[in-house]
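Asks:
There are 2 protein chains.
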Amino acid sequence: MALSNKAEGLRQRPSNSHIDKATAQPKGKKPKDKRANGADGSVLRFNCFTANSHEVASALQSARKGFRKYPSGTTFLYEGDIMNEVFTLFTGWAFGYKLLEDGRRQILNIYLPGDVLGLSAFSGTFIDHDVESVGSVQLCVSDAARMRLACRQNSVLLDQIIRLIDIERIKLQQRLIGVGRRSSPESIAHFLLTLFMGLKSRDLTYGNACTMPLTQTVMADALGLSAEHLNRLLHQLRDDGLVSVSRGKMVIHDPAAFAKMAGIDDPETLSQPLL
Amino acid sequence: MALSNKAEGLRQRPSNSHIDKATAQPKGKKPKDKRANGADGSVLRFNCFTANSHEVASALQSARKGFRKYPSGTTFLYEGDIMNEVFTLFTGWAFGYKLLEDGRRQILNIYLPGDVLGLSAFSGTFIDHDVESVGSVQLCVSDAARMRLACRQNSVLLDQIIRLIDIERIKLQQRLIGVGRRSSPESIAHFLLTLFMGLKSRDLTYGNACTMPLTQTVMADALGLSAEHLNRLLHQLRDDGLVSVSRGKMVIHDPAAFAKMAGIDDPETLSQPLL
DNA sequence: CGTCCTTTTGATGCCGGTCAATGGATGTGG
DNA sequence: CCACATCCATTGACCGGCATCAAAAGGACG
Numbered sequence: 001m002a003l004s005n006k007a008e009g010l011r012q013r014p015s016n017s018h019i020d021k022a023t024a025q026p027k028g029k030k031p032k033d034k035r036a037n038g039a040d041g042s043v044l045r046f047n048c049f050t051a052n053s054h055e056v057a058s059a060l061q062s063a064r065k066g067f068r069k070y071p072s073g074t075t076f077l078y079e080g081d082i083m084n085e086v087f088t089l090f091t092g093w094a095f096g097y098k099l100l101e102d103g104r105r106q107i108l109n110i111y112l113p114g115d116v117l118g119l120s121a122f123s124g125t126f127i128d129h130d131v132e133s134v135g136s137v138q139l140c141v142s143d144a145a146r147m148r149l150a151c152r153q154n155s156v157l158l159d160q161i162i163r164l165i166d167i168e169r170i171k172l173q174q175r176l177i178g179v180g181r182r183s184s185p186e187s188i189a190h191f192l193l194t195l196f197m198g199l200k201s202r203d204l205t206y207g208n209a210c211t212m213p214l215t216q217t218v219m220a221d222a223l224g225l226s227a228e229h230l231n232r233l234l235h236q237l238r239d240d241g242l243v244s245v246s247r248g249k250m251v252i253h254d255p256a257a258f259a260k261m262a263g264i265d266d267p268e269t270l271s272q273p274l275l
Numbered sequence: 001m002a003l004s005n006k007a008e009g010l011r012q013r014p015s016n017s018h019i020d021k022a023t024a025q026p027k028g029k030k031p032k033d034k035r036a037n038g039a040d041g042s043v044l045r046f047n048c049f050t051a052n053s054h055e056v057a058s059a060l061q062s063a064r065k066g067f068r069k070y071p072s073g074t075t076f077l078y079e080g081d082i083m084n085e086v087f088t089l090f091t092g093w094a095f096g097y098k099l100l101e102d103g104r105r106q107i108l109n110i111y112l113p114g115d116v117l118g119l120s121a122f123s124g125t126f127i128d129h130d131v132e133s134v135g136s137v138q139l140c141v142s143d144a145a146r147m148r149l150a151c152r153q154n155s156v157l158l159d160q161i162i163r164l165i166d167i168e169r170i171k172l173q174q175r176l177i178g179v180g181r182r183s184s185p186e187s188i189a190h191f192l193l194t195l196f197m198g199l200k201s202r203d204l205t206y207g208n209a210c211t212m213p214l215t216q217t218v219m220a221d222a223l224g225l226s227a228e229h230l231n232r233l234l235h236q237l238r239d240d241g242l243v244s245v246s247r248g249k250m251v252i253h254d255p256a257a258f259a260k261m262a263g264i265d266d267p268e269t270l271s272q273p274l275l
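Residue numbers (my numbering), protein chains in the order written: chain L, 1 to 275; chain C, 1 to 275.
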């Protein structure tokens with residue numbers, strides 16, 4: 001079980017974090033791939049929103065307070081925080097995690113561009129886990145109170161918000177099945193394929209390839225494995241001609257066999273409802 | 001990994017299940033312990049509701065269509081079902097689970113008396129897992145449409161419903177941490193203590209003891225262990241004087257040491273918010 | 001009083017965690 | 001542009017936890 005390298009160092013929220021104040025437009029240099037973010041400042045550019053959560057996207061847009069940026073490896077949401085804001089992930093990835101007292105870490109959820117963070121603003125409680133950035137991250141910040149108000153006036157919006165909350169549960173459910181009852185190779189395959197399909201539904205894939213900014217340590221903590229063992233299994237998967245993950249990139253060489261190993265008959269099912 | 005003993009046999013919903021039609025009052029012989037159910041036909045008898053979800057209890061009461069009863073070991077909710085009804089568990093326990101194609105089973109959630117089943121009625125989608133009864137089960141059946149309507153008119157109710165949905169996620173999160181990053185004894189202790197505190201918050205404990213209708217096979221499938229190994233570990237825990245689980249009963253012999261092994265400093269935290 | 005399910009115990013072996021060490025890649029200050 | 005520090009990926013050795021297989025011994029029940 002991997003001890004988090006920076007367990008104690010980051011446990012407390014820094015009193016004066018080096019975050020950009022909310023601004024009218026996102027800062028930082030323009031990403032190479034325009035598809036990867038909402039470079040025009042609109043949440044509506046994301047396929048996942050326009051396809052599945054149009055009302056949510058509009059509401060987030062209306063309640064928008066500005067943008068925020070965090071460098072790579074920053075824990076920017078802390079367990080216990082009360083969410084007065086709702087975030088939309090524009091650039092970069094993120095993951096939610098919990099630490100045990102001795103430093104063991106379980107990663108709960110991987111967030112991709114387009115995902116909404118801080119949904120606990122709707123359940124009226126504090127966040128129950130930390131969230132850390134993977135790569136430099138740009139967030140769209142929306143006012144939670146306005147979102148809640150909008151929900152009261154628009155039942156379609158409310159339904160979609162509840163749906164988003166439910167999706168968090170579904171993802172955890174899938175992860176639990178993988179860790180609890182799938183073999184390690186199956187679990188890894190399912191994990192990777194889920195990420196790939198999530199990116200595909202957002203038009204962030206390139207044929208059978210996509211970016212993979214997660215370190216093996218992060219993947220291991222998501223899968224309940226040791227980093228060393230995960231490393232060996234990834235090599236195994238590559239030797240078997242199924243998938244290769246290296247240098248920030250993932251390529252699926254044999255989609256059919258890969259999906260079969262992941263225990264998924266029709267991979268398309270993953271891309272549809274923003275699972 | 002345990003193959004479900006009755007995997008294929010129960011996969012399909014029986015066309016004509018032997019369920020009691022919704023009736024004005026619950027049928028069946030009166031349970032021995034009055035505290036264990038809503039024998040007076042009111043959801044309001046449950047501590048968890050009166051303490052945390054008063055609005056929900058009232059709404060479920062108002063939208064009540066009747067009662068339903070299932071024998072032990074019955075799968076009474078099926079993956080794919082659209083929920084037109086919301087259930088309140090009166091008597092007996094239940095668990096949600098998923099089966100892999102080859103019969104491996106992961107149990108997702110244990111439902112105790114007082115828990116609300118079928119919350120997917122609010123996220124507007126079909127259920128994504130099966131639910132099976134543990135022991136004979138009595139359910140209060142409430143109309144989902146009326147519940148949804150009530151939510152639109154009562155924001156407090158809505159908040160509490162969303163809270164209930166969120167609690168399902170939190171429980172999965174805890175289970176995932178246990179399976180992924182806790183040692184087996186820790187995971188078992190956490191699992192058992194969580195159940196105990198859940199029962200305690202409902203006034204269903206007797207000092208340091210409570211009923212434990214789950215078979216070791218079920219517990220193993222919840223914990224991601226084999227039944228044999230779980231059996232050995234349970235004996236280990238008993239030999240260490242921490243807890244004993246047998247013949248449908250659980251006794252915590254050393255609460256402090258047990259809580260410590262479960263990784264929980266203050267066990268009271270578990271009983272408060274219906275976690 | 002068989003039948004079925006659950007619990008229990010033993011033997012065997014491998015998956016996967018832990019420890020340790022090396023190489024590669026990136027970044028930083030001088 | 002190089003020395004050094006850091007983080008990440010990689011590989012090997014070791015071995016213990018836990019699954020698997022097998023089988024016996026309760027219970028529970030019709």
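Ideal Cβ placement from N, Cα and C applies to all residues, glycine included.
Just confirm the distance between the C-beta atoms of I110 of chain L and F90 of chain L, as a whole number of angstroms; I'd bet it's less than 8 Å.
Replies: Translated into the one-based positions of the first sequence, residue 110 of chain L becomes position 110. Translated into the one-based positions of the first sequence, residue 90 of chain L becomes position 90. Incorrect: roughly 16 Å between the Cβ atoms, too far for contact.
Asks: Please compile the residues from chain L whose C-beta is within a distance smaller than 8 Å of the C-beta of Q106 of chain C.
Replies: Here residue 106 of chain C corresponds to residue number 106 of the second sequence, with the count starting at 1. Under the 8 Å cutoff, chain L gives L176, I177, G180, R181.
Asks: Entirely within the segment 183 to 216 of chain C and at least 4 residues each: give me those alpha helix (DSSP H) ranges in chain order.
Replies: For the segment 183 to 216 of chain C, whole alpha helix (DSSP H) runs of length 4 or above, ordered along the chain, are 184 to 200.
Asks: Using the Cα positions of T217 of chain C and R104 of chain C, report the straight-line distance between them to the nearest angstrom.
Replies: For the purposes of this step, residue 217 of chain C is taken as the residue at position 217 of the second sequence. For the purposes of this step, residue 104 of chain C is taken as the residue at position 104 of the second sequence. Rounded to whole angstroms, T217 of chain C to R104 of chain C spans 12 Å at the Cα level.
Asks: Suppose you measure from the CA of E132 of chain C to the CA of L199 of chain L; what does that come to, to the nearest Å?
Replies: In the second sequence, the residue the question calls residue 132 of chain C occupies position 132. In the first sequence, the residue the question calls residue 199 of chain L occupies position 199. Cα to Cα, E132 of chain C sits roughly 35 Å from L199 of chain L.
Asks: Would DSSP call L100 of chain C helix, strand or coil?
Replies: Residue 100 of chain C sits at position 100 when you count from the first residue of the second sequence. Reduced to three states, the DSSP call for L100 of chain C is coil.
Asks: What whole-angstrom Cβ distance do I162 of chain C and I167 of chain L have, given they're in contact under 8 Å?
Replies: Indexing the second sequence from 1 puts residue 162 of chain C at position 162. Indexing the first sequence from 1 puts residue 167 of chain L at position 167. With a Cβ gap of about 14 Å, I162 of chain C and I167 of chain L do not count as contacting.
Asks: Measuring CB atoms only, is the segment 113 to 130 of chain L touching the segment 146 to 158 of chain C, in the sense that at least three cross pairs come out at less than 8 Å?
Replies: Taking 8 Å as the limit for Cβ pairs, the verdict is that the segment 146 to 158 of chain C does not touch the segment 113 to 130 of chain L.
Asks: Quick check: I107 of chain C and A222 of chain C, are their CB atoms within less than 7 Å of each other?
Replies: Against the second sequence, residue 107 of chain C aligns to sequence position 107. Against the second sequence, residue 222 of chain C aligns to sequence position 222. Yes, these two residues count as a Cβ contact at 7 Å.
Asks: Got a sec: is the Cβ-Cβ distance from F126 of chain C to anything in chain L below 7 Å?
Replies: In the second sequence, the residue the question calls residue 126 of chain C occupies position 126. Chain L, which has no Cβ nearer than 7 Å to the Cβ of F126 of chain C, makes this no.
Asks: Give me the residue from C:E101, C:D130, C:Q160, C:C151 with the minimum Cα distance to G124 of chain L.
Replies: Position 124 of the first sequence, counted from the first residue, corresponds to residue 124 of chain L. Measuring from the Cα of G124 of chain L, the nearest candidate turns out to be C:Q160.
Asks: Based on the DSSP secondary-structure assignment, which residues constitute the bridge partners of V131 of chain C?
Replies: The count along the second sequence starts at 1 and reaches residue 131 of chain C at position 131. Its beta-bridge partners are C:L77, C:G96.
Asks: Of all the options C:P213, C:M197, C:H190, which has the alpha carbon lying nearest to the alpha carbon of G207 of chain C?
Replies: Taking the first residue of the second sequence as 1, we reach residue 207 of chain C at position 207. Out of C:P213, C:M197, C:H190, C:M197 has the C-alpha closest to the C-alpha of G207 of chain C.
Asks: Ignore the nearest five residues each way along the sequence and tell me which others in M261 of chain C's own chain have a CB closer than 7 Å to its CB.
Replies: In the second sequence, the residue the question calls residue 261 of chain C occupies position 261. Correct list, in chain order: P185, E186, A189, L242.
Asks: Report the option in C:C151, C:M250, C:K171, C:L195 whose CA atom is closest to the CA atom of S58 of chain C.
Replies: Counted from its first residue, the second sequence places residue 58 of chain C at position 58. Taking only the C-alpha atoms, the option nearest S58 of chain C is C:C151.
Asks: State buried or exposed for L236 of chain C, treating a residue as buried only when at least 16 other CB atoms are found within 10 Å of its CB.
Replies: Residue numbering aside, residue 236 of chain C sits at position 236 when the second sequence is read from its first letter. Note that residue 236 of chain C is Gln in the sequence shown, not Leu. Q236 of chain C comes out exposed.
Asks: Strictly below 8 Å CB to CB, what residues from chain L border E168 of chain C?
Replies: To locate residue 168 of chain C, count along the second sequence from 1; it is residue 168. R169, listed in chain order.
Asks: Using a Cβ-Cβ cut-off of 7 Å (strictly less than) and excluding sequence neighbours within five positions of R232 of chain C, which residues of its own chain qualify?
Replies: As a working mapping, residue 232 of chain C is identified with position 232 in the second sequence. Answer for R232 of chain C: no residue qualifies.
Asks: Quick one, which of C:G80, C:D81, C:G92, C:N84 has its alpha-carbon nearest S72 of chain C's?
Replies: Locating residue 72 of chain C in the second sequence gives position 72, counting from the first residue. Among C:G80, C:D81, C:G92, C:N84, the Cα nearest to that of S72 of chain C belongs to C:G92.
Asks: Please name the residue in L:S62, L:M212, L:D102 whose C-alpha comes closest to that of S183 of chain C.
Replies: Against the second sequence, residue 183 of chain C aligns to sequence position 183. Taking only the C-alpha atoms, the option nearest S183 of chain C is L:D102.
Asks: Out of curiosity, what's the CA-to-CA distance linking S246 of chain C and E228 of chain C?
Replies: One-based indexing of the second sequence puts residue 246 of chain C at position 246. One-based indexing of the second sequence puts residue 228 of chain C at position 228. Each residue's alpha carbon lies about 15 Å from the other.
Asks: Taking only the alpha-carbon atoms, compute the straight-line gap between D130 of chain C and F87 of chain C and give it to the nearest angstrom.
Replies: For the purposes of this step, residue 130 of chain C is identified with residue 130 of the second sequence, where counting begins at 1. For the purposes of this step, residue 87 of chain C is identified with residue 87 of the second sequence, where counting begins at 1. Cα to Cα, the separation comes out at about 14 Å.
Asks: Does the beta-carbon of F67 of chain C have 16 or more other beta-carbons within 10 angstroms, so that it is buried, or is it exposed?
Replies: The sequence position of residue 67 of chain C within the second sequence is 67, counting from 1. Buried.
Asks: In chain L, which residues lie with their C-beta within 7 Å of the C-beta of D159 of chain C?
Replies: In the second sequence, residue 159 of chain C corresponds to position 159, counting from 1. Those within 7 Å of D159 of chain C in chain L are G124.
Asks: Just how far apart, CA to CA, sit H54 of chain C and R64 of chain C?
Replies: Along the second sequence, read from residue 1 onward, the residue named residue 54 of chain C stands at position 54. Along the second sequence, read from residue 1 onward, the residue named residue 64 of chain C stands at position 64. When rounded, the distance between both Cα atoms is 15 Å.
Asks: Can you tell me whether DSSP reads S53 of chain L as helix, strand or coil?
Replies: One-based indexing of the first sequence puts residue 53 of chain L at position 53. In this structure, S53 of chain L counts as coil in the three-state DSSP scheme.
Asks: Could you check how far apart the C-beta atoms of G180 of chain L and G263 of chain C are, in whole angstroms? I think they sit under 8 Å.
Replies: For the purposes of this step, residue 180 of chain L is identified with residue 180 of the first sequence, where counting begins at 1. For the purposes of this step, residue 263 of chain C is identified with residue 263 of the second sequence, where counting begins at 1. Between G263 of chain C and G180 of chain L the Cβ distance is about 18 Å, and since that is not below 8 Å, they are no contact.
Asks: Are R175 of chain L and L100 of chain C closer than 7 Å when you measure CB to CB?
Replies: Stepping through the first sequence from its first residue, residue 175 of chain L is reached at position 175. Stepping through the second sequence from its first residue, residue 100 of chain C is reached at position 100. Contact: no.
Asks: For K289 of chain C, is the classification buried or exposed, using 16 other Cβ atoms within 10 angstroms of its Cβ as the cut-off for buried?
Replies: Summary: the structure shown does not reach residue 289 of chain C, with chain C confined to residues 1 through 275, and so no result is reported for it.
Asks: List the endpoints of the continuous alpha helix (DSSP H) containing M261 of chain C.
Replies: As a position in the second sequence, residue 261 of chain C is number 261, starting the count at 1. From DSSP, the alpha helix (DSSP H) with M261 of chain C extends over 255 to 261.
Asks: By how many angstroms is the C-alpha of M147 of chain L removed from the C-alpha of I252 of chain C?
Replies: Along the second sequence, one-based indexing puts residue 252 of chain C at 252. Along the first sequence, one-based indexing puts residue 147 of chain L at 147. Their backbone Cα atoms lie some 46 Å apart in a straight line.
Asks: So, for R238 of chain L: in the same chain, excluding its five sequence neighbours on each side, which residues have a beta-carbon less than 6 Å away from its beta-carbon?
Replies: Position 238 of the first sequence, counting from 1, holds the residue named residue 238 of chain L. The answer, listed in chain order, is S244.
Asks: Look at the alpha carbon of E268 of chain C and the alpha carbon of R202 of chain L, and state the distance between them as a whole number of angstroms.
Replies: The residue given as residue 268 of chain C occupies position 268 in the second sequence. The residue given as residue 202 of chain L occupies position 202 in the first sequence. The alpha-carbon atoms of E268 of chain C and R202 of chain L are separated by roughly 43 Å.
Asks: Spell out the partners DSSP gives E85 of chain C in its beta bridges.
Replies: Position 85 of the second sequence, counting from 1, holds the residue named residue 85 of chain C. DSSP output for E85 of chain C lists C:D143 as bridge partner(s).
Asks: Nearest to A145 of chain L by CA position, among L:D265, L:L234, L:E85, L:Y78, is which residue?
Replies: Start at 1 with the first residue of the first sequence, and residue 145 of chain L comes out as number 145. It is L:E85.
Asks: Given A24 of chain L, which residues of its chain have a CB within under 7 Å of its CB, disregarding the five upstream and five downstream residues?
Replies: Here residue 24 of chain L refers to the residue found at position 24 of the first sequence. Below a pLDDT of 50, predicted positions are generally treated as unreliable, and A24 of chain L, at 42, falls in that range; the measurement from the model is reported next regardless. Cβ within range, chain order: G66.
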